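Chain order of the listed sequences is A and B.
Taking the numbering used here, the leading residue of the first sequence gets 40, the next gets one more, and so forth.
Taking the numbering used here, the leading residue of the second sequence gets 1136, the next gets one more, and so forth.
Cβ atoms here follow ideal geometry from the backbone N, Cα and C, with glycine treated the same way.
These numbers come from a predicted model, not from an experiment.
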Amino acid sequence: AQSVTQLGSHVSVSEGALVLLRCNYSSSVPPYLFWYVQYPNQGLQLLLKYTSAATLVKGINGFEAEFKKSETSFHLTKPSAHMSDAAEYFCAVMGGGADGLTFGKGTHLIIQP
Amino acid sequence: EAGVAQSPRYKIIEKRQSVAFWCNPISGHATLYWYQQILGQGPKLLIQFQNNGVVDDSQLPKDRFSAERLKGVDSTLKIQPAKLEDSAVYLCASRLGANTGELFFGEGSRLTVL
Chain A
40 AQSVTQLGSH VSVSEGALVL LRCNYSSSVP PYLFWYVQYP NQGLQLLLKY TSAATLVKGI
100 NGFEAEFKKS ETSFHLTKPS AHMSDAAEYF CAVMGGGADG LTFGKGTHLI IQP
Chain B
1136 EAGVAQSPRY KIIEKRQSVA FWCNPISGHA TLYWYQQILG QGPKLLIQFQ NNGVVDDSQL
1196 PKDRFSAERL KGVDSTLKIQ PAKLEDSAVY LCASRLGANT GELFFGEGSR LTVL
């Protein structure tokens, strides 16, 4: 079975500061990993995905994530936070024969002016 | 390209009533998913269709939830009778094929059960 753990249900950073959202996964097979963003009253939008190519993945809106197999992690980062980054972020895993996504509980990113 | 369409966006019902949600996936997408997102939690897969066949419904509470995709295009998710704990956002997503491409999500249908 696959699972995802997102550390920190709420993360607060100042505008212009580094954003770091943590995600650890559990999978019995090499996983596909995803980060999605959800703005209030909207659906989920794909930020980036890891599908066993380069371990450093660049996504939209300046976000990137690094796959570290030894740490079973896929943390999301952005060098400089913007007010528009305030949203809910979900890490998700796919693999092991099932092609539906298993999501973490989400991290609410708060940007302080 | 049109995205995944869902309706209604919001629904309020009393417990023991029934409700139905509709989803129209992106044109040509063979795989369709229904997810339940309870407030403060990540989305949970309820059911997955490949064309008009069910691939995975292991987490669908079949005593009260049902879903169909009769012609392999749009889909309906029904809850009857609804319970308080069914209050959630129901997200539909579609994908080109079983192992092809990313999932695209609709905006969701928010259900409140009183």
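Checking the sheet assignment: what are the DSSP bridge partners for Y105 (chain A)? Within the first sequence, the letter at position 66 stands for residue 105 (chain A). First, the amino acid is wrong: residue 105 (chain A) is Glu here, not Tyr. Looking at the DSSP assignment, E105 (chain A) forms a beta bridge with A:L95 and A:H114.
Rounded to whole angstroms, what's the CA-CA distance from E105 (chain A) to F113 (chain A)? Just pull it up for me. Within the first sequence, the letter at position 66 stands for residue 105 (chain A). Within the first sequence, the letter at position 74 stands for residue 113 (chain A). For E105 (chain A) and F113 (chain A), the distance between alpha carbons rounds to 5 Å.
Among the residues of its own chain, which have a CB less than 8 Å from the CB of D124 (chain A), if the five just before and after it don't count? Locating residue 124 (chain A) in the first sequence gives position 85, where the first residue counts as 1. Closer than 8 Å at the Cβ level, and outside the excluded window around D124 (chain A), lie V58, N100, K117, L148 and I150.
Short CB-CB distance (under 8 Å) between Q1176 (chain B) and chain A: As a working mapping, residue 1176 (chain B) is identified with position 41 in the second sequence. Output row for Q1176 (chain B): interface = yes.
Of all Cβ atoms in chain B, is any one closer than 8 Å to the Cβ of K148 (chain A)? As a first step, residue 148 (chain A) must be located in the first sequence, where it is residue number 109. It is Leu, not Lys, that sits at residue 148 (chain A) in the sequence shown. By this cut-off, L148 (chain A) is not an interface position.
Give the interface partners of Q1183 (chain B) over in chain D, defined as CB-CB distance under 7 Å, in chain order. Absent from the structure is chain D; the protein chains it does hold are A and B.
Near N1159 (chain B), which residues of its chain fall below 6 Å by C-beta distance, leaving aside the five closest residues on each side in sequence? What you label residue 1159 (chain B) is simply residue 24 of the second sequence in a count that begins at 1. A1140 and D1209.
Can you name the residues that DSSP bridges to D1191 (chain B)? Position 56 of the second sequence, counting from 1, holds the residue named residue 1191 (chain B). Note: D1191 (chain B) sits in a beta bridge opposite B:Q1183.
Contact between the segment 1143 to 1151 of chain B and the segment 1185 to 1199 of chain B (3+ Cβ pairs under 8 Å): no
Among residues of its own chain, excluding the 5 on either side of L1219 (chain B), which ones have a beta-carbon nearer than 7 Å to its beta-carbon? Taking the second sequence and counting its residues from 1, one reaches residue 1219 (chain B) at position 84. Answer for L1219 (chain B): K1150 and V1248, listed in chain order.
Exposed or buried, which one is A131 (chain A) when buried takes at least 16 other CB atoms within 10 Å? Taking the first residue of the first sequence as 1, we reach residue 131 (chain A) at position 92. Classification of A131 (chain A): buried, given that the 10 Å Cβ count is 16 or more.
In the segment 1217 to 1245 of chain B, which residues sit with their C-beta less than 7 Å from some C-beta in chain A, listed in chain order? L1226, A1233, N1234, E1237, L1238, F1240, G1241, E1242 and G1243
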